[in-house]
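**Student:**
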Amino acid sequence: MSSYSIKESLLSGFQAEPSPSWKAVRSTLNRKRYHHGCVALDDNTLLVVGGYEKSSKYDVLRSVEVFDRQAQKWDKNWPKLNVNRAEFATVIVVDLLFVLGGRDGNGECLDSVECINLSQTSPKWVILDVKLSSKKCGCTAVAVGTLVYIMGGKNTNDGSTAQNHVDIFDASMHKRSKGPPLNQPRFACASVFLDGKIYVVGGNDDSDNSLNTIESLSVSSDGNNWASSWHTYENFLATPRMYPALSTISHCLVVIGGIHKGEKEHVLESVEIVDTKRDIIWQCVDLNQPIYGSAAVTLDDSRILLVGGCSNNQKPLNSSQILKLEFASYETHIAAVEREIKVLGGGKRSSLKKKVFGSGGGSISRKNKNVVSKLKAYLKELTKQNGSTRNADYSVDSDVDSGDEIARYFEKGLPSYDSGGIVATKELVNSGQAVVYRGTMRNKEGGKNKQDVAIKVFKNRKDWDDCKQELMSLLKISGHTNVMEVLDFFEVPMPAFVMRYVCGGDLMNHLSKKGKFTGKRAVSLLQGIGEGLRHLHSHAIVHRDLKSANILLEGKGSALRPVLIDLGLGKAVPKSLAEGKQYQTRGFCGTAHGAAPEMISSGMWSTKSDMYALGIIMWEILTGSFPYIDKKGFREVISFVHANGRPDAGEMQREKVSQKHQQLVKSLWDKDPAKRPSSDEFLAMTM
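Here it is in structure tokens:
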């Protein structure tokens with residue numbers, strides 16, 4: 007974010023679809039509140055805690071409300087905080103929710119920490135023995151692994167100014183240590199952890215003036231290792247602001263509302279999108295009214311929910327509003343470039359905001375005086391081949407394309423590294439990440455013979471970038487009958503990779519329709535899965551998302567053969583890790599049902615994480631059942647597993663599974679990775 011890049015910035019922006027506006031959510035909070043905390047417990051549940059209820063500074067709440075998106079109502083019958091709090095920091099670590107610091111009902115700043123265990127049947131708030139390094143309000147915090155980073159703040163009790171302190175709180179040990187200080191003291195700021203970095207945005211400085219700077223700190227995914235100092239992006243926000251709401255979509259920060267405090271103080275309605283991978287700020291769809299002290303939650307890949315806050319006439323709110331953001335298409339941006347050249351070249355006011363965002367949009371901030379010449383040079387680059395942007399041989403950096411646009415690229419044969427023709431014939435799956443087609447590929451030896459293939463086309467270039475190195479590793483692996491073979495991959499005109507086509511459906515679907523496997527068929531199936539894992543692990547690759555839905559079945563009857571698929575999360579690792587001697591911390595990934603306890607608690611994984619998932623699959627194969635069907639949502643599942651919960655072992659007895667196989671299943675899902683058998687040991691035990 008140190009310079010302005012025309013090529014990457016104009017092809018990475020957002021547009022709001024279908025109509026660029028914040029829409030009110032029908033259900034309202036039971037209590038009006040601002041400077042409160044808000045977290046997503048799972049995909050369908052939000053929790054709001056504390057905050058100010060009225061414009062009076064010390065009318066502070068300790069109540070908690072939980073929103074059920076399916077029931078569309080807020081439940082106020084939740085345990086209350088021990089201390090009335092506002093202007094505090096809120097984080098969630100697995101099933102533990104923490105509130106840190108803040109200001110109480112007497113206007114006094116706090117150094118205490120409260121915690122509630124959400125997995126308990128009757129949870130209650132507990133004040134921990136550990137305290138922050140000083141009393142403070144207006145601090146901000148993020149959780150990375152089991153560590154909580156608490157940044158900035160201000161102690162109004164003794165009249166002190168903004169702080170640059172960083173406390174690191176270990177949520178598992180309840181211990182506090184000191185982290186690298188911020189470059190600039192600040193309070194009333196916001197923070198988020200994104201793509202291996204903590205970002206601290208805005209706030210007020212020690213002179214009580216609003217800031218437009220952003221600071222970032224590189225941190226490992228378990229939180230235990232961090233850079234020696236923060237990096238500052240100077241004068242980056244278009245509008246300096248304190249008390250903004252902050253959320254993320256993809257690799258972008260979404261900075262919402264707040265207060266601008268300089269010579270005059272006013273509440274903001276503007277929304278800025280900061281692209282952390284490129285050099286651009288987008289001013290996006292303004293709020294329906296100026297708001298500060300609200301809380302923002304990203305609901306999915308494209309929607310942001312804004313809860314509560316205070317308006318510019320000092321009226322606290324109990325309303326919520328939602329905005330859907332999507333990346334704009336290539337053609338939209340190219341048209342915007344052409345329009346911008348005309349407008350800027352003629353000295354007129356830029357109307358790019360209308361082209362890209364619609365009538366409710368904002369504008370792109372420009373820093374270079376020679377922006378017109380750069381735009382012209384970039385447009386020339388796009389159109390240099392046959393005057394066509396669509397057929398130009400370039401790798402674009404836009405992040406999301408619609409399924410229709412992806413399909414258009416398959417109307418003719420696609421290029422591949424061996425120049426063979428690849429043609430899509432039928433859409434199989436259209437998910438949030440990719441579109442999978444059935445198709446054909448001309449044999450590399452030439453001639454008219456064609457091979458049936460599956461073509462996975464990524465919608466999001468970030469997903470492609472994340473797994474490209476892993477795919478290159480997989481391409482080096484010689485073919486194995488129990489692992490999906492990656493035949494080829496390419497990046498233009500759309501990022502995709504090509505696999506052999508397997509027509510037998512997946513294991514999860516088979517179990518749902520036909521039930522469990524028994525006898526020799528069960529043993530043969532388990533050994534096939536074990537052979538596939540041994541092949542991956544012998545090449546120092548960990549799958550990390552092994553589940554019955556990611557195992558295809560090829561053939562029939564006694565010739566049924568499992569094929570491991572969806573290696574998008576597959577990770578090449580050091581040989582020592584492949585041997586199970588150490589664990590690499592890379593953050594939680596995969597799905598909850600097969601995630602090993604160490605992945606849930608700290609983001610740590612190894613080949614033994616795959617073996618844990620195999621234990622879950624083995625239980626499914628031998629019982630014909632699926633685990634955790636009584637659990638509601640992602641959060642409840644991982645809380646149960648974190649507390650050493652497992653699928654019902656009694657189900658194996660009822661299905662008359664042999665004692666040998668029962669013991670093997672239990673050893674596979676042991677909490678201690680070192681006690682789980684390796685893939686070699688598993689194969690020997692299933693003989």
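Counting from 7, one number per residue, gives the positions in the sequence shown under the numbering used here.
Each residue gets a CB set at the ideal place from its N, CA and C atoms; glycine is no exception.
These numbers were taken from a predicted model, which means no experiment stands behind them.
With respect to the beta strand (DSSP E) encompassing PHE457, which residues constitute its N-terminal and C-terminal limits?
**Tutor:** Against the sequence shown, residue 457 aligns to sequence position 451. Here residue 457 turns out to be Gln, not Phe, going by the sequence shown. 456–464 is the extent of the beta strand (DSSP E) around GLN457.
**Student:** Take ALA194 and list the residues in its own chain whose beta-carbon comes closer than 6 Å to its own, dropping the five residues that flank it on each side.
**Tutor:** In the sequence shown, the residue the question calls residue 194 occupies position 188. Excluding residues within five positions, the ones whose Cβ falls inside 6 Å are GLY144, GLY209, ASN210, MET248 and TYR249.
**Student:** The beta strand (DSSP E) spanning ILE122 covers which residue range?
**Tutor:** To locate residue 122, count along the sequence shown from 1; it is residue 116. It spans 119–123 - the beta strand (DSSP E) in which ILE122 sits, taken as one unbroken run.
**Student:** Going by other Cβ atoms of all chains shown within 10 Å of its Cβ, with 16 needed for buried, is ASP494 buried or exposed?
**Tutor:** Counting from 1 along the sequence shown, the entry for residue 494 is found at position 488. Answer is buried; the Cβ neighbour count reaches 16.
**Student:** Between GLY521 and chain B, is there a C-beta pair that is closer than 7 Å?
**Tutor:** Annotation note: the requested chain B is absent from the structure, which comprises a single protein chain.
**Student:** Starting from THR431, follow the beta strand (DSSP E) in both directions and report where the run begins and ends.
**Tutor:** As a first step, residue 431 is located in the sequence shown; it is residue number 425 there, counting from the start. Unbroken beta strand (DSSP E) run through THR431: 428–436.
**Student:** Quick one: what does DSSP say LYS359 is sitting in, helix, strand or coil?
**Tutor:** Taking the first residue of the sequence shown as position 1, residue 359 is located at position 353. At LYS359, the pLDDT of 34 sits below 50, so the modelled position is not reliable and the matter cannot be decided from this model.
**Student:** Identify the residues that DSSP records as bridge partners of MET505: which are they?
**Tutor:** Reading the sequence shown from its first residue, position 499 is the one you call residue 505. Paired residues: ALA460 and VAL492.
**Student:** In angstroms, rounded to a whole number, what distance separates the CA positions of ARG109 and ASN650?
**Tutor:** In the sequence shown, counting from the first residue as 1, residue 109 sits at position 103. In the sequence shown, counting from the first residue as 1, residue 650 sits at position 644. Answer to the nearest angstrom: the Cα atoms are 37 Å apart.
**Student:** The beta strand (DSSP E) with HIS690 in it runs from where to where?
**Tutor:** Against the sequence shown, residue 690 aligns to sequence position 684. The amino acid occupying residue 690 in the given sequence is Ala; His does not appear at that position. Here ALA690 belongs to no beta strand (DSSP E); instead the alpha helix (DSSP H) covers 685–691.
**Student:** Using C-beta distances below 6 Å, list every residue in its chain close to TYR40, excluding the 5 sequence neighbours before and after it, in chain order.
**Tutor:** Mapped onto the sequence shown, residue 40 falls at position 34. Excluding positions up to five away in sequence, the list reads GLY57, TYR58, GLY299, GLY314, GLY315, CYS316 and PRO322.
**Student:** If you check the beta carbons only, do HIS549 and VAL489 fall under 7 Å apart?
**Tutor:** Position 543 of the sequence shown holds residue 549. Position 483 of the sequence shown holds residue 489. Not in contact: HIS549 and VAL489 (Cβ atoms no closer than 7 Å).
**Student:** If we require 4 or more residues per run, which alpha helix (DSSP H) segments fall completely within the segment 528–566?
**Tutor:** Complete alpha helix (DSSP H) runs here, min 4: none at all.
**Student:** Helix, strand or coil: how does DSSP classify ASN324 here?
**Tutor:** Locating residue 324 in the sequence shown gives position 318, where the first residue counts as 1. Coil at ASN324, not helix or strand.
**Student:** Between ALA168 and ALA251, which are expected to be in contact by the criterion C-beta below 8 Å, what is the C-beta distance as a whole number of angstroms?
**Tutor:** Working through the sequence shown from its first residue, we reach residue 168 at position 162. Working through the sequence shown from its first residue, we reach residue 251 at position 245. Wrong, their Cβ atoms sit about 20 Å apart, outside the cutoff.
**Student:** Just mark GLU278 as buried or exposed, buried being the case when its beta carbon has 16 or more other beta carbons within 10 Å.
**Tutor:** Within the sequence shown, residue 278 is the residue found at index 272, counting from 1. The residue is buried, with at least 16 neighbouring Cβ atoms inside 10 Å.
**Student:** Indicate whether LEU153 and GLY229 have their beta-carbon atoms separated by less than 7 Å.
**Tutor:** Residue mapping note: residue 153 aligns to position 147 of the sequence shown, counting from 1. Residue mapping note: residue 229 aligns to position 223 of the sequence shown, counting from 1. For LEU153 and GLY229, yes; Cβs fall inside 7 Å.
**Student:** Residues in its own chain within less than 7 Å of SER224 by CB, not counting five upstream and five downstream?
**Tutor:** Here residue 224 refers to the residue found at position 218 of the sequence shown. Correct list, in chain order: GLY202, LYS203, TRP232 and ALA233.
**Student:** Taking the Cβ atom as the reference point for each residue, do VAL66 and ASN88 lie within a distance shorter than 7 Å?
**Tutor:** Within the sequence shown, numbered from 1, the residue matching residue 66 stands at position 60. Within the sequence shown, numbered from 1, the residue matching residue 88 stands at position 82. Cβ atoms of VAL66 and ASN88: not closer than 7 Å.
**Student:** Return yes when the Cβ of ASN189 is within less than 7 Å of the Cβ of PHE146, no when it is not.
**Tutor:** On the sequence shown, residue 146 is found 140 positions in, with the first residue counted as 1. On the sequence shown, residue 189 is found 183 positions in, with the first residue counted as 1. Reading off the sequence shown, one finds Thr at residue 146, where the question assumed Phe. Their beta carbons are not under 7 Å apart, which means THR146 does not touch ASN189 by this criterion.
**Student:** What is the rounded straight-line gap between the Cα of ALA440 and the Cα of ASP306?
**Tutor:** Here residue 440 refers to the residue found at position 434 of the sequence shown. Here residue 306 refers to the residue found at position 300 of the sequence shown. The straight-line gap from Cα to Cα measures roughly 16 Å.
**Student:** Please report the residue range of the beta strand (DSSP E) in which ARG448 lies.
**Tutor:** To locate residue 448, count along the sequence shown from 1; it is residue 442. Its beta strand (DSSP E) spans residues 440–448.
**Student:** Hey, could you find the ends of the beta strand (DSSP E) ARG660 is sitting in?
**Tutor:** By 1-based counting over the sequence shown, the position of residue 660 is 654. Per DSSP, ARG660 belongs to no beta strand (DSSP E); it is in the alpha helix (DSSP H), 656–660.
**Student:** With a threshold of 16 other CB atoms inside 10 Å of the CB of MET693, please say whether the residue is buried or exposed.
**Tutor:** Along the sequence shown, read from residue 1 onward, the residue named residue 693 stands at position 687. By the neighbour-count rule (16 or more Cβ atoms within 10 Å), MET693 is not buried but exposed.
**Student:** Please state whether DSSP places VAL663 in a helix, a strand or coil.
**Tutor:** Your numbering for residue 663 matches position 657 in the sequence shown. Coil at VAL663, not helix or strand.
**Student:** Just the Cα atoms here: how many angstroms apart are THR629 and VAL136?
**Tutor:** As a position in the sequence shown, residue 629 is number 623, starting the count at 1. As a position in the sequence shown, residue 136 is number 130, starting the count at 1. Approximately 46 Å, taken between the alpha carbons.
**Student:** Using alpha carbons as the reference points, say which of GLU271, LYS462, VAL150 and ALA555 lies closest to PHE496.
**Tutor:** The sequence position of residue 496 within the sequence shown is 490, counting from 1. Measuring from the Cα of PHE496, the nearest candidate turns out to be LYS462.
**Student:** Assign LYS681 to buried or exposed, taking buried as 16 or more other Cβ atoms, counted over all protein chains shown, within 10 Å of its Cβ.
**Tutor:** For the purposes of this step, residue 681 is taken as residue 675 along the sequence shown, with counting starting at 1. Answer is exposed; the Cβ neighbour count stays below 16.
**Student:** Could you compute how far the alpha carbon of MET157 sits from the alpha carbon of ALA196?
**Tutor:** As a position in the sequence shown, residue 157 is number 151, starting the count at 1. As a position in the sequence shown, residue 196 is number 190, starting the count at 1. So the alpha carbons of these two residues sit roughly 9 Å apart.
**Student:** Specify, as a first and last residue, the run of the beta strand (DSSP E) that SER197 falls within.
**Tutor:** Indexing the sequence shown from 1 puts residue 197 at position 191. 196–200 is the span of the beta strand (DSSP E), which, as asked, contains SER197.
**Student:** Count the other C-beta atoms from every protein chain shown that fall within 10 angstroms of the C-beta of ASN112, then say buried if there are 16 or more, exposed otherwise.
**Tutor:** Locating residue 112 in the sequence shown gives position 106, where the first residue counts as 1. With fewer than 16 other Cβ atoms within 10 Å, it is exposed.
**Student:** Assuming SER615 is part of the beta strand (DSSP E), what are its boundary residues?
**Tutor:** Working through the sequence shown from its first residue, we reach residue 615 at position 609. No beta strand (DSSP E) holds SER615; the alpha helix (DSSP H) holding it covers 613–629.
**Student:** Around the C-beta of ILE297, are 16 or more other C-beta atoms found within 10 angstroms, so that it is buried, or is it exposed?
**Tutor:** Here residue 297 refers to the residue found at position 291 of the sequence shown. So ILE297 ends up on the buried side.
**Student:** Got a sec? Which residues, its chain only, sit under 8 Å from SER673 by beta carbon, not counting five neighbours each side?
**Tutor:** Counted from its first residue, the sequence shown places residue 673 at position 667. Hits under 8 Å: GLY621, LYS681, ARG682 and PRO683.
**Student:** Straight-line CA distance for VAL260 to THR127?
**Tutor:** By one-based count along the sequence shown, residue 260 stands at place 254. By one-based count along the sequence shown, residue 127 stands at place 121. Using only the alpha carbons, I get a separation of about 36 Å.
**Student:** Rounded C-beta distance between LEU53 and VAL45? I'm assuming under 8 Å.
**Tutor:** As a position in the sequence shown, residue 53 is number 47, starting the count at 1. As a position in the sequence shown, residue 45 is number 39, starting the count at 1. Correct: roughly 5 Å between the Cβ atoms.
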